[in-house]
Each structure stands twice: as structure tokens, then as C-alpha cells.
Ligand code: ATP
Ligand code: MG
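In the numbering used here, the protein residues as written are 1 to 213.
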């Protein structure tokens, strides 16, 4: 059995065409089903639906042979026991610093005082501000980061931005780009060795179906 871990929502939807290129068709859509294990047209391939940030953990421990996760998630996870990230060029967005409109970010990062930053992406944020030489107090949040600057929890947030619509709706603006995000295919190292004959054709089909833009 080959097990692929992925999250529902945009990653699942954008993975369906890549699976099709490998001749794999899910038997159910996770949004319509409450099942966490979804069969496919191939008896030896199944999908497991997990939280986006849990995908690397399932693959690391070999509970899934391969998985699909955003660069943001992989960066925060580290990368123990994971092999060969293949950029699938899907679920594209940017990790950015954002502040309340009118907040003087330039001045706040220059005057040597500490900046309060709320984020789910504490490792990426710590690294970014260390490289800039800006002292920060990081406040860990698990969602709705946009709220933090509006109610005085933080001066800035580090969050994923695609269209900027959520920032705009909350009177925030992006002030700094940290890195571009897309989703990558990861594989368990032992699985790659033990199941190479069945995994390689799937990996090759994915690589061949990746859009280049
Ligand atoms: P959960 O919703 O379970 O708390 P999550 O918010 O991290 O977790 P998703 O919103 O499904 O999960 O995002 C999954 C992945 O999709 C993210 O890790 C990121 O790589 C990518 N992503 C997130 N937001 C966007 C976006 N607006 N546009 C494109 N890709 C995105
Ligand atoms: Mg979400």
C-alpha cells in the first residue's frame, strides 16, 4: 500500500490534477466526506487527510510514504527523515510582514526598541528579524493573525498573503516579503528505498505534470 498525506481545501483541490497525471483518481472528495482515509481507483494507493501542519509528521514517521505540504509548513517543521522536496508549484502565496495601515514600520524597526510580532510561523519570523538585526518579542498564535495588531496584541504579524484581500478588509498592509510559498511533495526516506518501484512512477508523473509558471 502507498499512502499519500495531504490536507483538504486548496491543497487537495490543486493536487487532483497531479494525481490524475499519475493515473490516480480519489473515490471521494474530503469536503463531502468525513472519512480521513480515502481510497483511490488504485487498490494499492490511498490518501489520508490530515491538518496541513501535520503532513510532515506523518511522512517523517512513515505513517505516510509521501505527502504534500507548503514550504511554510516544511520550514517550521525542520525536515527530519524527509526526502526530496519536489516543488509542485501549487497553493502559491507569500509569507509577509504586515502592520496596521499608518503604522510607521520603518521607524519601529530602526529605533532599537523591540517589535511585538504575532505569528503562527515563529521559526520563519525569528530567522527573518534576526537577519535584519531587529529585536522582536514573538507571540505565538494559531490563526486569525490579522486581529492581533487591531486590538493591541502586536505591532506586526507574519502571515501568508495571496491576494491581500484579508489584510485590506482588516485595515492592514504588507510591508515586507519574507519568502515565496508553494507546496512540495515530500517522501519518507525508508519508503523511497523499500517501495521505489511503485513510488518512482508516481513521483515522475507528478514532476511531469507540474506547471512551470
Ligand atoms: P488549518 O486551516 O488547518 O489551521 P492552515 O490554515 O495552515 O491549517 P490551509 O489554510 O489549508 O491550512 O493552508 C494549507 C497550506 O496552503 C498552507 O500551509 C500554505 O502553504 C498554503 N496557503 C495558505 N493560504 C494560502 C493562500 N491564501 N493562497 C495560496 N496558498 C495558501
Ligand atoms: Mg486555514
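Every residue gets a Cβ at the ideal spot worked out from N, C-alpha and C, and that includes glycine.
Going by beta carbon distance, what residues of the same chain come within less than 6 Å of residue i, once the five residues before and after it are set aside?
i: residue 97; result: 156, 158, 175, 176
i: residue 129; result: 136
Taking the continuous beta strand (DSSP E) assigned at residue i, which residues delimit it?
i: residue 153; result: First-last for residue 153: undefined, no H or E at that position.
i: residue 29; result: Run containing residue 29: none; DSSP gives neither H nor E here.
i: residue 116; result: 115–119
i: residue 24; result: Unbroken run through residue 24: none, as it is neither H nor E.
If you measure between the beta carbons of residue i and residue j, is that distance less than 7 Å?
i: residue 2; j: residue 45; result: yes
i: residue 68; j: residue 6; result: yes
i: residue 21; j: residue 209; result: yes
i: residue 101; j: residue 188; result: no
i: residue 26; j: residue 47; result: yes
i: residue 141; j: residue 93; result: no
i: residue 66; j: residue 4; result: yes
i: residue 125; j: residue 145; result: no
i: residue 182; j: residue 87; result: yes
i: residue 95; j: residue 38; result: no
i: residue 51; j: residue 24; result: no
i: residue 134; j: residue 115; result: yes
i: residue 123; j: residue 76; result: yes
Could you give the residue range of the alpha helix (DSSP H) that holds residue i?
i: residue 16; result: 10–21
i: residue 110; result: 105–110
Could you pull out every residue in the same chain whose Cβ sits closer than 8 Å to the Cβ of residue i, ignoring the five residues on either side in sequence?
i: residue 143; result: 120
i: residue 83; result: 186, 187, 188, 189, 192
i: residue 74; result: 56, 82, 85, 184, 186
i: residue 199; result: 2, 65, 66, 187, 191, 192
Short of 7 Å in beta carbon distance, which residues of its chain neighbour residue i, apart from the five on each side in sequence? Order them along the chain.
i: residue 168; result: none
i: residue 166; result: 146
* What residue ranges within the segment 32–88 form continuous beta strand (DSSP E) runs of no fewer than 3 residues, ordered along the chain? -> 37–39, 45–49, 66–70
* Does the segment 49–63 come close enough to the segment 102–116 that 3 or more CB-CB pairs lie under 8 Å? -> no
* **Runs of beta strand (DSSP E) lying entirely within the segment 130–199, each at least 3 residues, in chain order** => 136–140, 156–161, 172–188
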